[in-house]
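Visitor: A single structure is presented below for examination.
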Amino acid sequence: MRKIALCFLAFILLTLPSLADEGMWIPMLLKKYNIEDMQKAGFKLTAEDIYDINQASLKDAVIGLGNEGSPFHHFCTGEIVSDQGLVITNHHCSFGMIQAHSSLEHNYLRDGFWAQSMADELINPKITASILVRMEDVTDKINAGLNAGMSENERTKKVNEICRKLEAEAVKGTNLAANIKPYFNGNQYFLSVFKIFRDVRLVGAPNSAIGKFGGDTDNWTWPRHTGDFSVLRIYAGPDNEPAAISDKNVPYKPAKFFKISARGVQEGDFTMVFGYPGTTNEYLTSYAIDQIATVEDPHKIKIRTAKLDVINAAMESDELLRIKYAAKAASVANAWKKWQGEIKGLDRFNTVDNKRVLENNFNNWAKSNGKTEYIGLTDRYKALYDARKEYILAAAYASEAGLGGAEIIKFAREIEHALTNYDKFADKEQLKKSLKNYIEAFYKDYDVATDQRILTEMFKLYNNEEIGEQWIPSVVRLSPKYAKLNDYDRYAANLFKKSIFTHKDNLLKFIDNLSEKSITKIEKDPILGVATGIYTLYANKIRPELSKIESELKLLNRLWIAGLMEMQPEKTFYPDANSTLRVAYGKIAGYHATDAVYYMHYTTLKGIMEKDNPNIYDYNVPQKLRDLYKNRDFGPYTQDGEVPVCFIATNHTTGGNSGSPVLDAEGNLIGLNFDRAWEGVMSDMQYSPEICRNIAVDIRYVLFIIDKYAGAQRLIDEMVIIH
Ligand code: ARG
Ligand code: ASP
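Per mature numbering (1 follows the signal peptide of the UniProt record, and there is no 0), the sequence shown runs over residues -20 to -1, 1 to 703.
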């Protein structure tokens, strides 16, 4: 009997499907935790092929895109696809660069951009590309400097101190950069060492009608037909090492680049996404999720809806306004739409209730095992979230409707900030010059009338009863003069009329004639007054309360994960995303979206033609693409006679994973990750393998557009394509 049972058990273990799907795994730990499961799921390579510090591995071809000031915060991922540092990432990742190079004369958003030769590739100041050199678990080194008696603030200070020291030691005498981040809410720490390149140029991008096809209408949804890709190139100094932007720089020769598979994908095929997911919150408690879904998100959605109504109307009215506001609108709309999907998904999957069950189990386990450090933990969570509600709402309004509402508010604060130590500036001319550049850059993408309308709408919303009276800054309330007619329009108009910040020429003149005396005048500016009023309330009253609560939560969060790990010792936990390099693996798969609806795993050019509608901006297909389709001029980039456009898979991804390579079982590039499907966007808080899908643009569509549509053969020639 026992023998039969054992055989049966062995049988079950052997036939158990790969766990896959959920999880964003640490490259250096794949060997320990994942590789067997990955191979069971069909992966043909080894853990060392993915991450190795002694020889070239796939990680050497993955780049994190960042900004000069924050190179460790990777806003997107990209991958190297040639031995000359050619990089592919998403169109929406380069959108800011494409937009910055655009004007009415050179409208690259509308027309696309393809550098004819390397000399034509466009410089993007401030963009960085990081390549991971190595990782190290530094948990013990950090814990060695901590003790149980420390307060949370002391602990944080000490951790930072040790981290900065270890980072400095790790890269001493090299041109590398190191960064330590907490994992599992501070239960573990890993150091990442990067080589950071600072000369990243724009090589090509399709026009928005392809790169952003479907626009914000289709964003976060499947079926999808977006050609969301662009091409960059990393330049290095003549020694192949990172260098400041210079015309002496040469294309970077990478240790590794991805080969491209044009062989296509089938449902069930193994896929892996290798990139830099930004933030997830898989271990939040029911209290946190409930607050996000019922308090924070609904208000933020409401504020952004008002903002978008104004911006979209402006963009519809005028081509120049469309260019100016394209990138801003996309970024406001992106989170706005995601929050709505997230609320729906959390509701549909009863996430709050599921978390409550887990919390109950946890409490019972803690009590029956006498785990005193965990007893009462969930009650403390409840109390803290109850207290947090008021402040998080006040903070949401301060940031979404106030400081991050009308742009002029932030602009006024920044100019004032730059002038605070005017008397101490040795080189006053330099200061003036950089301020004037800043003003010009701001005004390039700014429209006074549009922003005035935004301010009006923001102030209307700010004055609502759900935020406690004391959290509405007085500068946002109407003075008696306007209050009688409830006239926010005239209030905003008056502010805009009297301010210097809304008058570019006057502002530039003011900077030209700067003096200690003239600066005092700016302090009386009405827009700056509003900005300061909002900021003061936020910084003096709201933020301190919130930080106190957040710091207590930080301690609970650390305990909570430690407790969960203790309670479920057989489970392999993955850490939340934190903008460090991760591997997600799963398979190509369609899904049942709702009752009676099954979505297939890929879309084709045919679907673009079906959506084609010249009267709808998001669906207006370029004539050239129509012609290619009509003539069925597809080159070798087809599957069953059609050009594949996008596909979906079960890889666990999030923001920051955009542009990530989607790889097949042999580590060849089959697509670029760029989004997730609507029904599963709650995956940042709860992943479900039935419904969560990442969306990728098929590499064959990328090649088809580069080759047949853009005629940029020189780029195709650089790549290694397996047919
Ligand atoms: N939803 C995708 C992501 O979060 C794409 C965003 C860019 N596209 C857009 N229409 N705003 O980044
Ligand atoms: N679109 C996201 C990005 O830009 C990816 C996602 O959230 O799924 O990283």
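Virtual Cβ for every residue (Gly too), placed ideally from N, Cα, C.
Whose C-alpha, out of ALA294, SER74, GLU503, LYS138, is nearest the C-alpha of ALA392?
Guide: Residue mapping note: residue 392 aligns to position 412 of the sequence shown, counting from 1. It is GLU503 whose Cα lies nearest to the Cα of ALA392.
Visitor: Out of PHE193, THR201, SER62, which one is the CA nearest neighbour of ASP208?
Guide: Working through the sequence shown from its first residue, we reach residue 208 at position 228. Among PHE193, THR201, SER62, the Cα nearest to that of ASP208 is on PHE193.
Visitor: When the Cα atoms are used, what is the spatial distance from ARG523 to TYR263?
Guide: Counting from 1 along the sequence shown, the entry for residue 523 is found at position 543. Counting from 1 along the sequence shown, the entry for residue 263 is found at position 283. One C-alpha to the other measures close to 24 Å.
Visitor: For ARG680 versus PRO257, is the C-beta spacing smaller than 7 Å?
Guide: Walking along the sequence shown from the start, residue 680 turns up at place 700. Walking along the sequence shown from the start, residue 257 turns up at place 277. Result no, Cβ atoms of ARG680 and PRO257 do not sit closer than 7 Å.
Visitor: Could you name the residues that DSSP lists as bridge partners for TYR169?
Guide: Numbered from its first residue, the sequence shown carries residue 169 at position 189. DSSP output for TYR169 lists PRO162 as bridge partner(s).
Visitor: With DSSP as the reference, identify every bridge partner of TYR678, one or two as the case may be.
Guide: On the sequence shown, residue 678 is found 698 positions in, with the first residue counted as 1. According to the sequence shown, residue 678 is Asp rather than Tyr. Answer is GLY651.
Visitor: Could you check what DSSP says for ARG213 in three-state terms: helix, strand or coil?
Guide: Sequence index remark: in the sequence shown, residue 213 carries index 233 (1-based). ARG213: strand per DSSP, three-state reduction.
Visitor: What residue from ILE176, ALA375, LYS138 has the CA that sits closest to LEU112's CA?
Guide: What you label residue 112 is simply residue 132 of the sequence shown in a count that begins at 1. Taking only the C-alpha atoms, the option nearest LEU112 is ILE176.
Visitor: Whether or not the stretch 633 to 653 and the stretch 593 to 600 are in contact is what I'm after, with contact meaning three or more pairs of Cβ atoms, one per stretch, closer than 8 Å; do they touch?
Guide: No: the two stretches stay apart, fewer than three of their Cβ pairs being nearer than 8 Å.
Visitor: When you compare each of ARG368, LYS484, ASN314, THR516 to ALA378 by their alpha carbons, which one comes out closest?
Guide: Residue numbering aside, residue 378 sits at position 398 when the sequence shown is read from its first letter. Comparing Cα-Cα distances from ALA378 to each of ARG368, LYS484, ASN314, THR516, the minimum goes to THR516.
Visitor: Give me the DSSP bridge partner(s) of MET252.
Guide: Along the sequence shown, read from residue 1 onward, the residue named residue 252 stands at position 272. TYR565, LEU643.
Visitor: Among GLY22, ASP431, HIS81, whose alpha-carbon lies nearest the alpha-carbon of ALA185?
Guide: Counting from 1 along the sequence shown, the entry for residue 185 is found at position 205. The candidate whose alpha carbon is nearest that of ALA185 is HIS81.
Visitor: Taking 6 Å as the cut-off, does the CB of ARG210 come closer than this to any heavy atom belonging to the ligand ASP?
Guide: Here the question's residue 210 lines up with position 230 in the sequence shown. In the sequence under discussion, the amino acid at residue 210 is Ser, which differs from the Arg named in the question. No, the ligand ASP has no heavy atom inside 6 Å of this Cβ.
Visitor: Looking only at DSSP bridge pairs, what is SER94 linked to?
Guide: By 1-based counting over the sequence shown, the position of residue 94 is 114. Before going on, a small fix: residue 94 reads as Trp here, not Ser. Note: TRP94 sits in a beta bridge opposite GLY184.
Visitor: Does ARG538 come out as helix, strand or coil in the three-state DSSP assignment?
Guide: Here residue 538 corresponds to residue number 558 of the sequence shown, with the count starting at 1. Helix, per DSSP.
Visitor: Check the Cβ-Cβ distances between GLN666 and every residue of chain D, and say whether any is below 7 Å.
Guide: The chain labelled as chain D is not found in the depicted structure, where only one protein chain is given.
Visitor: Quick one: does the C-beta of GLY258 sit closer than 6 Å to a heavy atom of the ligand ARG?
Guide: Translated into positions along the sequence shown, residue 258 becomes position 278. Checking the Cβ of GLY258 against the ligand ARG gives no.
Visitor: Cβ of THR251 within 6 Å of any heavy atom in the ligand MN?
Guide: You won't find the ligand MN in this model; what it holds is the ligand ARG and the ligand ASP.
Visitor: What do you reckon, is the C-beta of TRP200 under 6 Å from a heavy atom of the ligand ARG?
Guide: Residue numbering aside, residue 200 sits at position 220 when the sequence shown is read from its first letter. Result yes, Cβ under 6 Å from the ligand ARG.
Visitor: Could you compute how far the alpha carbon of TYR31 sits from the alpha carbon of GLU48?
Guide: Taking the first residue of the sequence shown as 1, we reach residue 31 at position 51. Taking the first residue of the sequence shown as 1, we reach residue 48 at position 68. Using only the alpha carbons, I get a separation of about 26 Å.
Visitor: With 16 other CB atoms within 10 Å as the buried threshold, where does ASP656 fall?
Guide: As a position in the sequence shown, residue 656 is number 676, starting the count at 1. Checking the displayed sequence, the identity of residue 656 turns out to be Arg instead of Asp. That one is buried.
Visitor: Among residues of its own chain, excluding the 5 on either side of ILE240, which ones have a beta-carbon nearer than 6 Å to its beta-carbon?
Guide: Here residue 240 corresponds to residue number 260 of the sequence shown, with the count starting at 1. LEU649, ILE679, MET699, ILE701.
Visitor: For GLY647 and PHE237, I'd like the C-alpha separation in whole angstroms.
Guide: The count along the sequence shown starts at 1 and reaches residue 647 at position 667. The count along the sequence shown starts at 1 and reaches residue 237 at position 257. If I take the Cα positions, the gap works out to 11 Å.
Visitor: Do you know how far the Cα of THR352 is from the Cα of ALA233?
Guide: Reading the sequence shown from its first residue, position 253 is the one you call residue 233. Reading the sequence shown from its first residue, position 372 is the one you call residue 352. Residue 233 is actually Lys in this sequence, not Ala. About 56 Å.
Visitor: Exposed or buried, HIS86, counting other C-beta atoms within 10 Å across all chains shown (16 or more means buried)?
Guide: Residue mapping note: residue 86 aligns to position 106 of the sequence shown, counting from 1. Its Cβ having fewer than 16 others within 10 Å, HIS86 is exposed.
Visitor: From LEU487 to PHE422, what distance separates their C-alpha atoms?
Guide: Here residue 487 refers to the residue found at position 507 of the sequence shown. Here residue 422 refers to the residue found at position 442 of the sequence shown. Cα to Cα, the separation comes out at about 12 Å.
Visitor: State the start and end residues of the unbroken beta strand (DSSP E) segment that holds HIS71.
Guide: Stepping through the sequence shown from its first residue, residue 71 is reached at position 91. Per DSSP, HIS71 belongs to no beta strand (DSSP E); it is in the alpha helix (DSSP H), 71 to 80.
Visitor: Looking only at C-alpha atoms, which of ARG114, ALA124, ASN220 sits nearest to PHE170?
Guide: Your numbering for residue 170 matches position 190 in the sequence shown. Looking at the Cα atoms, ARG114 is the closest of the given residues.
Visitor: Please tell me whether ARG181 and LEU102 are closer than 7 Å, where the distance is taken between their beta carbons.
Guide: Residue mapping note: residue 181 aligns to position 201 of the sequence shown, counting from 1. Residue mapping note: residue 102 aligns to position 122 of the sequence shown, counting from 1. Contact: yes.
Visitor: Let me know if ASN165 comes out buried or exposed under the rule of 16 or more other beta-carbons within 10 Å of its beta-carbon.
Guide: Within the sequence shown, the letter at position 185 stands for residue 165. Burial call: buried.
Visitor: Would GLY587 pass as a contact of CYS56 if the rule is Cβ separation under 7 Å?
Guide: The residue you call residue 587 lines up with position 607 of the sequence shown. The residue you call residue 56 lines up with position 76 of the sequence shown. The answer is no: Cβ separation not under 7 Å.
Visitor: Would the C-beta of ASP485 count as close to the ligand ARG, meaning under 6 Å from any of its heavy atoms?
Guide: On the sequence shown, position 505 is the one that residue 485 refers to. No.
Visitor: Quick check: the Cα distance between GLY44 and ASN314, rounded to an integer number of angstroms?
Guide: Locating residue 44 in the sequence shown gives position 64, where the first residue counts as 1. Locating residue 314 in the sequence shown gives position 334, where the first residue counts as 1. Cα to Cα, GLY44 sits roughly 20 Å from ASN314.
Visitor: Have a look at LEU508 and ALA398 and give me their C-alpha separation to the nearest angstrom.
Guide: For this step, residue 508 is matched to residue 528 along the sequence shown. For this step, residue 398 is matched to residue 418 along the sequence shown. Rounded to whole angstroms, LEU508 to ALA398 spans 13 Å at the Cα level.
Visitor: Using DSSP with H/G/I as helix, E/B as strand and the rest coil, what is LEU264?
Guide: On the sequence shown, position 284 is the one that residue 264 refers to. Three-state result, LEU264: coil.
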